[in-house]
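Asks: One structure follows; several queries about it will come next.
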Amino acid sequence: MSEFDPAAPVIIGVGEASRRTVPGDWPSPRELAGAAIKAALADTGQPKAIVAATDTIAAIRTFEDSGVSMGTGSPDNVPEAFAAAGGISAQRLIYADVGGQSPQAMVHQLAGEIRRGETGLAVIVAGEATGTAKRARKAGTALDWRLSSDTPFEAQRSEFPIPTRREIRHGIVSMPLAYSLLENARRLERGLSRHDYLVEMARQGAAASVKSLTREHAQFPMAFTAEQLVAEHESDYHITDIYRRWRVAQDAVDLGGAIILTSAGRARDLGVAEDRMVWLAGASEAAEPPLSERDHIASPDAVGFTLHAALDQAGFAPTDLGPVDIYSCFPVAVSAAVDTLGDPARSLGDYTLTGGLGFFGGPGNGYTIYGLAAMVEALRKDGSKPALVTANGGVMSKQAVGVYTARQPPQPWNGDVVRGYVPKRIDVDDAPQGKGRILTYARPVAKGVMGDATLIVEMESGARALAVLEDVDDIDLGGLTVDVTPGEKRHMAKLIG
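Take the sequence shown: its position 457, counted from the start at 1, is 471 in our numbering, and no numbers get skipped.
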């Protein structure tokens with residue numbers, strides 16, 4: 015065993031909360047986050063000492079502050095408000111960037127600072143009450159979650175339009191539609207019919223659903239069979255041509271989550287038992303161009319880069335892994351990671367620790383907080399193998415991957431996050447004219463009626479183009495030939511033959 019590494023960053027506490035454990039009919043994100051902080055403090059075994067030692071609080075950006083307003087308002091200073099609700103304070107306050115990658119990326123940032131001695135003890139916290147906001151709107155109840163503050167804080171906010179204005183003009187106005195483009199591209203690449211691909215997604219979903227029954231705060235705990243997810247029924251209605259309700263992230267949740275990080279030496283000094291510590295062993299991040307400009311639409315190469323980079327840095331292979339939680343907003347996000355890891359011995363149900371965003375719930379940008387909490391609990395129960403957690407933002411646009419161990423890793427993490435991924439970017443023709451082949455497509459479905467198709471087309475010239483195909487039957491459009499005509503706002507396509 016290596017000599018004790020006092021500067022190594024460790025997770026020493028995790029906590030979760032939900033409407034089941036927070037009193038009141040209309041819990042706010044602040045109340046949920048505060049309850050989660052208190053649970054994480056208790057989880058360390060030394061709550062008073064941890065409160066006194068906290069110097070940094072980072073809040074995951076709420077949906078309300080990410081361009082998805084529910085009309086409830088939000089505190090002026092979310093990290094300060096969340097911390098106060100949990101009975102803590104800190105000199106440094108951070109409000110994280112938009113995207114599901116942000117909890118894992120924030121672990122990387124703060125863990126690096128801890129390794130370098132720049133940060134002493136940090137709390138990362140998330141809170142979402144979209145479920146309550148939706149219930150209140152339906153009931154005609156006005157909620158006001160604003161809170162005034164003039165305390166300064168660090169606001170992280172990257173300018174990264176997802177989808178792009180070009181994609182929005184061509185009908186990609188929601189995440190399910192954007193991911194449908196990825197999903198159909200993967201299906202076509204694999205040569206599967208729509209039904210065969212539905213069966214594949216159903217198997218993945220059924221395996222994940224069972225895990226939701228194991229989590230106290232799962233918002234949609236239920237166990238489906240693959241056959242149930244294939245069968246048509248009213249509660250599992252179509253959202254797009256390829257997605258039905260129970261194969262996409264469910265955002266109507268009321269959840270709070272928190273994790274506490276410090277150095278191993280500081281944890282020991284504060285009286286935290288070593289069997290509470292979980293060590294970061296590998297970290298990687300990468301970003302992709304906008305969806306329509308990617309070289310490989312079916313499975314962004316950043317997924318493979320980050321998975322291999324984090325594992326290589328930690329000195330492990332995919333087959334070495336124990337607990338794994340893959341970010342699962344849509345099936346293709348899981349499939350891409352499963353394909354990359356290539357471990358035939360791992361069952362589909364062992365790619366999630368929570369049931370995923372479809373059954374545990376999809377709390378805005380914050381899901382990975384709950385995946386990390388489940389990972390920590392799993393390693394504390396059985397630390398014989400390392401764990402892996404992935405996080406995904408946008409349309410598989412931003413990736414963050416962490417590898418963790420229950421004991422000091424044999425290859426100490428040096429504080430560096432592996433980056434360096436350089437994507438290949440494809441130019442999109444903004445005045446396409448002529449014949450082309452449909453690479454992938456997506457169609458919205460509302461009340462059983464299928465809408466126009468958004469196409470990504472490879473023109474005969476070799477150029478990439480976006481186009482809209484109107485008034486077309488419910489058929490598999492993949493690989494068909496179209497004639498594309500340029501337009502001022504969007505380009506139109508007609509089937510040939």
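From the three backbone atoms N, C-alpha and C, an ideal C-beta is built for every residue, glycine too.
For Arg200, I'd like the list of residues in its chain whose CB is within less than 7 angstroms of its CB, leaving aside the five on either flank, ordered along the chain.
Replies: Numbered from its first residue, the sequence shown carries residue 200 at position 186. The residues are Ala312, Ser313, Val346, Ser349.
Asks: For a minimum of 3 consecutive residues, which ranges assigned as the beta strand (DSSP E) are wholly contained in the segment 112-153?
Replies: Listed in chain order, they are 135-142.
Asks: Measuring alpha carbon to alpha carbon, tell me which residue in Thr382, Leu335, Leu321 is nearest Phe353.
Replies: Here residue 353 refers to the residue found at position 339 of the sequence shown. Contrary to the premise, residue 353 reads as Asp rather than Phe in this sequence. Measuring from the Cα of Asp353, the nearest candidate turns out to be Leu321.
Asks: Please state whether DSSP places Ile310 in a helix, a strand or coil.
Replies: Locating residue 310 in the sequence shown gives position 296, counting from the first residue. Before going further, note that residue 310 is His rather than Ile in the sequence given. Reduced to three states, the DSSP call for His310 is coil.
Asks: To the nearest angstrom, how far is the alpha carbon of Ala169 from that of Thr68?
Replies: Counting from 1 along the sequence shown, the entry for residue 169 is found at position 155. Counting from 1 along the sequence shown, the entry for residue 68 is found at position 54. Rounded to the nearest angstrom, the two C-alpha atoms are 19 angstroms apart.
Asks: Tell me the rounded alpha-carbon separation between His184 and Gly48.
Replies: As a first step, residue 184 must be located in the sequence shown, where it is residue number 170. As a first step, residue 48 must be located in the sequence shown, where it is residue number 34. If I take the Cα positions, the gap works out to 42 angstroms.
Asks: With 16 other CB atoms within 10 Å as the buried threshold, where does Pro424 fall?
Replies: For the purposes of this step, residue 424 is taken as the residue at position 410 of the sequence shown. Pro424 is exposed by the Cβ-count criterion.
Asks: Could you tell me which of Gln233, Ala99, Thr495 sits nearest to Ser32, measuring between CA atoms?
Replies: Working through the sequence shown from its first residue, we reach residue 32 at position 18. The residue with the shortest Cα to Cα distance from Ser32 is Gln233.
Asks: For the alpha helix (DSSP H) holding Val346, just list the boundary residues, first then last.
Replies: If you number the sequence shown from 1, residue 346 lands on position 332. Residues 345-355.
Asks: In whole angstroms, what is the alpha-carbon distance linking Leu494 and Met215?
Replies: Here residue 494 refers to the residue found at position 480 when the sequence shown is read from its first residue. Here residue 215 refers to the residue found at position 201 when the sequence shown is read from its first residue. Roughly 24 angstroms between the two C-alpha positions.
Asks: When you compare only the Cα positions, how much space is there between Gly81 and Arg394?
Replies: Locating residue 81 in the sequence shown gives position 67, counting from the first residue. Locating residue 394 in the sequence shown gives position 380, counting from the first residue. Approximately 37 angstroms between the Cα atoms of the pair.
Asks: Which residues in the same chain have their Cβ closer than 6 angstroms to the Cβ of Thr333, if we skip the five residues on either side of it in sequence?
Replies: By one-based count along the sequence shown, residue 333 stands at place 319. Hits under 6 angstroms: Asp357.
Asks: Hey, quick one: how far does the alpha helix (DSSP H) through Asn406 stretch, first residue to last?
Replies: Looking up residue 406 in the sequence shown gives position 392. Asn406 -> not in any alpha helix (DSSP H); beta strand (DSSP E) instead, spanning 401-407.
Asks: Below 8 angstroms CB to CB, which residues in the same chain sit around Gln447 once its five sequence neighbours on both sides are set aside?
Replies: Here residue 447 is taken as the residue at index 433 of the sequence shown, counted from 1. The residues are Val498, Thr499, Pro500.
Asks: At what residue ranges does the segment 269-346 contain a whole run of the alpha helix (DSSP H), taking only runs of 4 or more?
Replies: Listed in chain order, they are 278-283, 315-328.
Asks: Provide the residue(s) that pair with Gly450 in DSSP beta bridges, ordered along the chain.
Replies: The residue you call residue 450 lines up with position 436 of the sequence shown. Its beta-bridge partners are Met473, Val496.
Asks: Measuring only the C-alpha atoms, how far is Ala147 from Val112?
Replies: As a position in the sequence shown, residue 147 is number 133, starting the count at 1. As a position in the sequence shown, residue 112 is number 98, starting the count at 1. Cα to Cα, Ala147 sits roughly 20 angstroms from Val112.
Asks: May I have the straight-line CA-CA distance separating Asp396 from Met389, to the nearest angstrom?
Replies: Within the sequence shown, the letter at position 382 stands for residue 396. Within the sequence shown, the letter at position 375 stands for residue 389. Cα to Cα, the separation comes out at about 10 angstroms.
Asks: Among the residues of its own chain, which have a CB less than 6 angstroms from the CB of Thr178, if the five just before and after it don't count?
Replies: Locating residue 178 in the sequence shown gives position 164, counting from the first residue. Counting only Cβ-Cβ distances below 6 angstroms, and skipping sequence neighbours, we find Pro304.
Asks: Can you give the Cα-Cα distance for Lys503 and Met410, rounded to whole angstroms?
Replies: By one-based count along the sequence shown, residue 503 stands at place 489. By one-based count along the sequence shown, residue 410 stands at place 396. Straight-line Cα distance between these residues: approximately 26 angstroms.
Asks: Given Ala140, which residues of its chain have a CB within under 6 angstroms of its CB, disregarding the five upstream and five downstream residues?
Replies: In the sequence shown, counting from the first residue as 1, residue 140 sits at position 126. Around Ala140: Ile74, Gly271, Gly380, Ile383.
Asks: Cβ of Met291 within 7 angstroms of Cβ of Ile51?
Replies: Your numbering for residue 291 matches position 277 in the sequence shown. Your numbering for residue 51 matches position 37 in the sequence shown. No, the Cβ-Cβ distance between Met291 and Ile51 is not below 7 angstroms.
Asks: Can you check which of these residues, Asp339, Phe167, Pro41, Arg204, is closest to Leu386 by C-alpha distance?
Replies: Taking the sequence shown and counting its residues from 1, one reaches residue 386 at position 372. Answer by Cα proximity: Asp339.
Asks: Which class does Ile383 belong to by DSSP, given the choice of helix, strand or coil?
Replies: Translated into positions along the sequence shown, residue 383 becomes position 369. Note: Ile383 maps to helix in three-state DSSP.
Asks: How big is the Cα-Cα spacing for Gly462 and Leu191?
Replies: Here residue 462 is taken as the residue at index 448 of the sequence shown, counted from 1. Here residue 191 is taken as the residue at index 177 of the sequence shown, counted from 1. Roughly 16 angstroms separates the two Cα atoms.
Asks: Using the Cα positions of Ser361 and Ala324, report the straight-line distance between them to the nearest angstrom.
Replies: In the sequence shown, counting from the first residue as 1, residue 361 sits at position 347. In the sequence shown, counting from the first residue as 1, residue 324 sits at position 310. Roughly 22 angstroms between the two C-alpha positions.
Asks: Measure from the alpha carbon of Gly363 to the alpha carbon of each residue in Arg451, Val224, Glu472, Arg282, then state which is nearest.
Replies: Locating residue 363 in the sequence shown gives position 349, where the first residue counts as 1. If we check each option's Cα against that of Gly363, Val224 comes out closest.
Asks: Using a Cβ distance threshold of 8 angstroms, determine whether the segment 238-251 contacts the segment 429-442, with at least three qualifying pairs required.
Replies: In short, these stretches do not touch, since the Cβ pair count stays below three.
Asks: For Ala295 versus Val459, is the C-beta distance shorter than 7 angstroms?
Replies: Position 281 of the sequence shown, counted from the first residue, corresponds to residue 295. Position 445 of the sequence shown, counted from the first residue, corresponds to residue 459. Taking 7 angstroms as the Cβ cut-off, Ala295 and Val459 do not qualify as a contacting pair.
Asks: What did DSSP end up calling Arg97 once you bin it into helix, strand or coil?
Replies: Position 83 of the sequence shown holds residue 97. At residue 97 the sequence reads Ala, which differs from the Arg that was named. Here Ala97 sits in helix by DSSP.
Asks: For Lys508 and Leu46, what's the separation of their Cα atoms in angstroms?
Replies: Locating residue 508 in the sequence shown gives position 494, where the first residue counts as 1. Locating residue 46 in the sequence shown gives position 32, where the first residue counts as 1. Their Cα atoms are separated by approximately 51 angstroms.
Asks: Do Leu195 and Ala95 have their CB atoms nearer than 7 angstroms?
Replies: Within the sequence shown, the letter at position 181 stands for residue 195. Within the sequence shown, the letter at position 81 stands for residue 95. No, they are not a contact pair.
Asks: Using the Cα positions of Ile182 and Tyr455, report the straight-line distance between them to the nearest angstrom.
Replies: In the sequence shown, the residue the question calls residue 182 occupies position 168. In the sequence shown, the residue the question calls residue 455 occupies position 441. Each residue's alpha carbon lies about 14 angstroms from the other.
Asks: How about Trp293: is its Cβ closer than 6 angstroms to a heavy atom in the ligand SAM?
Replies: For the ligand SAM, the structure offers nothing, since it holds no ligand at all.
Asks: If you count every other CB in all the chains shown that lies within 10 Å of the CB of Thr133, and 16 or more means buried, which is it?
Replies: One-based indexing of the sequence shown puts residue 133 at position 119. With 16 or more Cβ atoms within 10 Å of its Cβ, Thr133 is classed as buried.
Asks: Does the Cβ-Cβ distance between Arg261 and Gly219 come in under 7 angstroms?
Replies: For the purposes of this step, residue 261 is taken as residue 247 along the sequence shown, with counting starting at 1. For the purposes of this step, residue 219 is taken as residue 205 along the sequence shown, with counting starting at 1. Result yes, Cβ atoms of Arg261 and Gly219 sit closer than 7 angstroms.
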